[in-house]
Structure formats: C-alpha cells, structure tokens
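FYI, the working numbering numbers position 136 of the sequence shown as 258, with every residue one higher than the one before it.
One structure is given below, encoded as structure tokens.
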Amino acid sequence: MSEMRIDILTLFPDTVYAVLHESIIGRAAKKGAVEINCVQIRDYTDNKQNQVDDYPYGGGWGCVMMAQPLKSCLDSVMATAAGRRSRVIYLTPQGQPYTQETAKRLARDYDHLVLICGHYEGVDERFIDSCVDEEISLGDFVLTGGEIAAMAVADSVCRLVPGVLADEQCYIGESHWDGLLEYPQYTRPEIWEGREVPQVLLGGDHEKVEKWRRKQQFIRTREKRPDLFENFTPATESDRKLFEEVGRDRNRISLSAPVTCRAAEEEDLSAILSIVDEARASLKRLRVDQWQGPYPGEEHFRFDLERGECFVVLHGEEIAAFFTLSEREEKSYDGLTDGKWTPELPGCVLHRCAVAGKYRGSGIAEKLMRFADERALAMGFKCIRTDTHRKNKPMQRLLRACGYRYRGNLTVTVEPGHDTARQGYEKIIKVRR
Ligand SMILES: C[S@@+](CC[C@H](N)C(=O)[O-])C[C@H]1O[C@@H](n2cnc3c(N)ncnc32)[C@H](O)[C@@H]1O
C-alpha cells in the first residue's frame, strides 16, 4: 500500500494525470511511494447525456455542478479506500488559503486525500454540506476550475511523503518550512555576467556556510515578506539573536533631525503607550516576561507625568523614546543581594524606559541615557540606579555600554506568575569640567 493515495475528481482527468506523472512525483508514483488517481466525474452521471451541470435555481449566469454525479463518484472512490485515513477536500476560492502548514498537516494526518475540482459556477451547496471535510483555496483569486489548485495540493503534499524526495533535508529549511524564506542559492559558474557567488560559499567552511545561510533567511524574509518576518517566533537562542539583529538593521534609520529631550506632557501619553506596546512585543519575542502584564500602563505614566518625572526623547518633532527618572527611593533596592550599591551616595532611579521600534539601533537609546545623566545632574544627583530583568540582555548590554555597572540581584513585586528576579545597575556620572 502506498504511503499516500490521492484521488482527484475532475472533468479533465487526462490533463491532471499527465502533469502529476512527470518528474519527481511521477517517479514517486512509479516506485509506489504515492498513488495518484484521476477520476472522471462524468462517468458517474445517472442521465443519458452524461450531463454534470445544470442551471442555477433562482436564475443568473452559468451552470452549477450537480450533486449526484459528484456523490456517486466519491462513493466509488471511498469504497476502495477502507482502512485509510481519508480527507475529502473541495478546492474553492471560498476555502482557507493553502499554506505549507496545511500541506504538512495533510501529509501527517492522512494517507488518503480526495480532491474535488469544481467548474462553471461551482458545485451544488448540498454536496459540500454533506460530503466535504475541508475547503481549500489556492489564493484570493478565481480560477476557471479546481484542477490547478488540486495539482498544487497533490504536488506539495506528495513531496513531504517519505520516499518521494531523496532526503527529508530536501524540504526542511525550504521556504515556509519554519516561517522563513529560504536563503539564496547559486550554482556554476562562479562568475556569471560579472556577478560573483558569495565568497563564504566557496571557502568550504561548513559552519560558516550554515551561519550565513540562516542569516540570509532572516534578511530576505524581512525584505520580501515583512508580514512573515513580523510573525516569526524564534525557537532557539541563536535564532532569537538573529531576529533581533536583523530586525534592528531594518529599523536602523539615520537621525537626520535634532534629537532633544523634554518633560513629557499629557498629549504624549498615546505615543508613549504605543512605544510600550512595541517594547512588550519585542520582549515577548525574546522570551523575557518583563512588561508582559498590564504594567506599565497609563496609570503609571500619569503618575510620572504629575510628578514631572517622565521625559520624552524627540527626533525632530517625533517621540522616539521615553524614560522616567525619579528622586524617590525604590524600596526593593534595599534588598540587593550578591553585591552592594556604592555606599552613602544618594542616587535617583531610572525606571520605565523604551525606544520606538523604528528607532532601535539608531543610537537613540544611547542618547536617552545621556539625557538621563543630564537630568539627574540637574536634579542634584551624581548617581543613577536602575534594574532590569535578568533575561533582558539587550537592556543589560545598553546599560553597560552607557557606563552602568552591575551591582547585584534584586527581587521586585510584579504580577503573580511573573519572574521577580532583577539585576541592579548603577552609574556614577562623570562630570565634565
Ligand atoms: C469559476 S470557479 C467558481 C467560483 C464561484 N462561483 C465563487 O465565486 O466562489 C470554478 C471552480 O474553480 C475552482 N477554483 C476557482 N478558484 C479557486 C481558488 N482560488 N482555489 C481553489 N479552487 C478554485 C473551484 O473548484 C470552483 O468550483
């Protein structure tokens, strides 16, 4: 018994059969890894004229495929598929858009697909209601018949069936396998019309090639399919780094206008809150559970605004970042363990701060830190203390790059179920003479 049997119910079985019995799928069928049958719906009519369609009730253009020939055709196919895990699929522009995930699911969960190709204005709705398990669309456009869609489904499912391709590595890592597009491919000659193959592919260093290819997947997905890139969830530490790095590169905009800082105002609240949303999403991608609950919300920023402790960093007129600098002591900082704050040095506290997504990597974060230094000095402090989530590596990197030193560990009060561990950092501001 073949690993996968596909029965395509169609008015054009010869055409479909010919296409699906070429090349790789054709060879797989010859080997018996897959079985593809193309069945003529017209052979199952119960009228003398072998009529498969009729005028639509209610009037209107075109004809509709009748339920009876489709049902008789389906019954005869199903009668020979006992013991198989079958799925009856109608190809229709009204179905769920077809994706690689659908192909994977069909190859994994079934070993018998019945693909029904409509024509004319479609098929009698009662047949769909009573016999179809799933409706699939090739995309948001209308074809004259379901054959092209059925061939696309059959081809993409069959190539995932064991024994069809030489190795599963042939499809793992291809475009859409894990939500990214594939890296660029090259073959001989090394130089074609003055264009060279990237050097890394010629050096023979397998590890370097793998790294380069993975990074290219991120870059081209970001460029060609930003929708996929935004929805990609990295599963490994190295992917997480690449995702942030490539995402940052994209966002790297040049600061063409003056960057300034001023106390935040009521009207700035919505811009601040949308930066919080972006930061929240970015932390989620990094699997840092900081800011994953309602904190920080509008009430916290209103509190900061009332006390004149919230500041916005502007690129020209646009709010690019914000921070809160507070004179009030932070109670949880008394419980620092594994280290200590610089004794007898009063410090202000840098709280909530974030940079808008499009400004990440632009140098705004470093400018924010300098503005915080200036504000602290203006408030009469030579020291700033802050804390960050122990897994928030980008923030830790930024703090260290801006002169902060790790001083020990803290426990903060957060929403139940969230990580309470933080790292305490401190900066003693050097005053330029
Ligand atoms: C002209 S279409 C009928 C479209 C139908 N009247 C409607 O507007 O939804 C004829 C047949 O082509 C097939 N078809 C058309 N577009 C398709 C698509 N995007 N995906 C899958 N099948 C499609 C379906 O089997 C459909 O029954």
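Where is the CB? At the ideal position from N, CA and C, for every residue including glycine.
All figures in this text were calculated on a predicted structure; none of them were measured in a lab.
Inset, instruction - State buried or exposed for A476, treating a residue as buried only when at least 16 other CB atoms are found within 10 Å of its CB. - result: Walking along the sequence shown from the start, residue 476 turns up at place 354. So A476 ends up on the buried side.
Legend entry - Endpoints, the beta strand (DSSP E) within which Y528 is located: Along the sequence shown, one-based indexing puts residue 528 at 406. Note, Y528: beta strand (DSSP E), 527–533.
Legend entry - Beta-carbon spacing of D251, R209 below 7 angstroms: For the purposes of this step, residue 251 is identified with residue 129 of the sequence shown, where counting begins at 1. For the purposes of this step, residue 209 is identified with residue 87 of the sequence shown, where counting begins at 1. Taking 7 angstroms as the Cβ cut-off, D251 and R209 do not qualify as a contacting pair.
Inset, instruction - Sort M517, R482, E345 by Cα distance to G525 and report the nearest one. - result: The residue labelled residue 525 in the question sits at position 403 within the sequence shown. Minimum Cα distance to G525 is reached at M517.
Inset, instruction - State yes or no: is the C-beta of L303 within less than 7 angstroms of the C-beta of I238? - result: Position 181 of the sequence shown, counting from 1, holds the residue named residue 303. Position 116 of the sequence shown, counting from 1, holds the residue named residue 238. Contact: no.
Inset, instruction - Using only the heavy atoms of ligand 1, determine whether one of them is closer than 6 angstroms to the beta carbon of A271. - result: As a first step, residue 271 must be located in the sequence shown, where it is residue number 149. Within the cutoff, so yes.
Legend entry - CA-to-CA distance, E400 to N349, given in whole angstroms: By one-based count along the sequence shown, residue 349 stands at place 227. By one-based count along the sequence shown, residue 400 stands at place 278. The amino acid at residue 349 is misidentified as Asn; the sequence shows Asp. Computed Cα separation, rounded: 16 angstroms.
Inset, instruction - Following the continuous beta strand (DSSP E) through V331, name the residue where it begins and the one where it ends. - result: Looking up residue 331 in the sequence shown gives position 209. From DSSP, V331 is part of no beta strand (DSSP E) but of the alpha helix (DSSP H) over 328–346.
Legend entry - 7 angstroms Cβ shell around A276 - same chain, five flanking residues per side excluded: Indexing the sequence shown from 1 puts residue 276 at position 154. So the qualifying residues of the chain are I128, I130, L142, I158, L237.
Legend entry - Three-pair Cβ contact test at 8 angstroms for the segment 160–173 versus the segment 193–203: yes
Legend entry - Cβ-heavy atom distance, S259 to ligand 1, below 6 angstroms: Reading the sequence shown from its first residue, position 137 is the one you call residue 259. Yes, ligand 1 has a heavy atom inside 6 angstroms of this Cβ.
Inset, instruction - Flag T214 as yes when its Cβ comes closer than 6 angstroms to any non-hydrogen atom of ligand 1, and as no otherwise. - result: In the sequence shown, counting from the first residue as 1, residue 214 sits at position 92. Yes, Cβ of T214 sits closer than 6 angstroms to a heavy atom of ligand 1.
Inset, instruction - Use the C-beta contact count for Y220: other C-beta atoms within 10 angstroms, 16 or more gives buried, fewer gives exposed. - result: Taking the first residue of the sequence shown as position 1, residue 220 is located at position 98. Classification for Y220: buried.
Legend entry - Stretch pair the segment 378–385 + the segment 429–447: three plus CB contacts closer than 8 angstroms: yes
Inset, instruction - On the DSSP bridge assignment, give the partners of V434 in chain order. - result: On the sequence shown, residue 434 is found 312 positions in, with the first residue counted as 1. For V434, which the question treats as bridged, DSSP gives the partners R384, F444.
Inset, instruction - Confirm, please, whether the CB-CB distance from R544 to V534 is below 7 angstroms. - result: As a position in the sequence shown, residue 534 is number 412, starting the count at 1. As a position in the sequence shown, residue 544 is number 422, starting the count at 1. Taking 7 angstroms as the Cβ cut-off, V534 and R544 qualify as a contacting pair.
Legend entry - Stretch pair the segment 169–185 + the segment 228–235: three plus CB contacts closer than 8 angstroms: no
Inset, instruction - Let me know the secondary structure DSSP gives A155 once reduced to three states. - result: Looking up residue 155 in the sequence shown gives position 33. If DSSP states are grouped into helix, strand and coil, A155 belongs with coil.
Inset, instruction - Rank T214, P418, A271 by C-alpha distance to the C-alpha of R402 and give the top, closest one. - result: Indexing the sequence shown from 1 puts residue 402 at position 280. Closest option to R402, Cα to Cα, is P418.
Inset, instruction - Along the beta strand (DSSP E) that carries M126, what are the first and last residues, could you check? - result: As a working mapping, residue 126 is identified with position 4 in the sequence shown. 126–132 is the span of the beta strand (DSSP E), which, as asked, contains M126.
Legend entry - Nearest to Q222 (by Cα), restricted to the options E548, W299, E332, V398: Residue 222 sits at position 100 when you count from the first residue of the sequence shown. Taking only the C-alpha atoms, the option nearest Q222 is W299.
Legend entry - Minimum C-alpha distance to A360 - residue among F134, A379, F340, E257: Here residue 360 refers to the residue found at position 238 when the sequence shown is read from its first residue. In the sequence on display, residue 360 carries Ser and not Ala. It is F340 whose Cα lies nearest to the Cα of S360.
Inset, instruction - Would you mind stating whether L472 and G530 have Cβ atoms separated by less than 7 angstroms? - result: Counting from one through the sequence shown, the residue named residue 472 turns up at place 350. Counting from one through the sequence shown, the residue named residue 530 turns up at place 408. Contact flag unset, no.
Inset, instruction - Whole angstroms is fine: what's the gap from Q216's alpha carbon to I270's? - result: The sequence position of residue 216 within the sequence shown is 94, counting from 1. The sequence position of residue 270 within the sequence shown is 148, counting from 1. Their Cα atoms are separated by approximately 15 angstroms.
Inset, instruction - Counting only runs of 4+ residues fully inside the segment 174–246, write out the alpha helix (DSSP H) ranges in chain order. - result: 189–200, 222–231
Legend entry - Supposed close pair F425, L391 - CB separation, criterion 8 angstroms: Translated into the one-based positions of the sequence shown, residue 425 becomes position 303. Translated into the one-based positions of the sequence shown, residue 391 becomes position 269. That belief does not hold up - the Cβ atoms of F425 and L391 are roughly 12 angstroms apart, past 8 angstroms.
Legend entry - Straight-line Cα distance separating I397 from L405: Numbered from 1 along the sequence shown, position 283 holds the residue referred to as residue 405. Numbered from 1 along the sequence shown, position 275 holds the residue referred to as residue 397. Using only the alpha carbons, I get a separation of about 12 angstroms.
Inset, instruction - Within the segment 383–430, note down every full beta strand (DSSP E) run reaching 3 residues or more, in order along the chain. - result: none
Inset, instruction - Might you give, ordered along the chain, the residues of its own chain that have their beta carbon closer than 8 angstroms to the beta carbon of E388, omitting 5 neighbours on each side? - result: Taking the first residue of the sequence shown as 1, we reach residue 388 at position 266. Once the five neighbours on either side are set aside, the close Cβ partners of E388 are L427.
Inset, instruction - Thinking T98 and Y481 are a contact (beta carbons under 8 angstroms), I'd like their distance in whole angstroms, please. - result: Because residue 98 is not part of the residues shown, which for the chain are 123 to 555, the question remains open.
Legend entry - Same chain, Cβ closer than 6 angstroms to E452, five either side skipped, listed in chain order: Here residue 452 refers to the residue found at position 330 of the sequence shown. Answer for E452: V471, listed in chain order.
Legend entry - Nearest candidate by alpha-carbon position, reference E431, set N172, D541, P468, R474: Here residue 431 refers to the residue found at position 309 when the sequence shown is read from its first residue. Selected option, being the one with the closest Cα: R474.
Legend entry - the segment 489–501 in contact with the segment 459–467 per 3-pair CB rule at 8 angstroms: no
Legend entry - D64, DSSP secondary structure in three states: No information on residue 64 is available, as it lies outside the stretch 123 to 555 that the chain covers here.
Inset, instruction - Put I506 into one of helix, strand or coil per three-state DSSP. - result: Counting from 1 along the sequence shown, the entry for residue 506 is found at position 384. Looking at I506 - three-state DSSP - the assignment turns out to be strand.
Inset, instruction - Just tell me which of P416, D541, V410, M501 has its CA closest to the CA of R450. - result: Along the sequence shown, one-based indexing puts residue 450 at 328. Taking only the C-alpha atoms, the option nearest R450 is M501.
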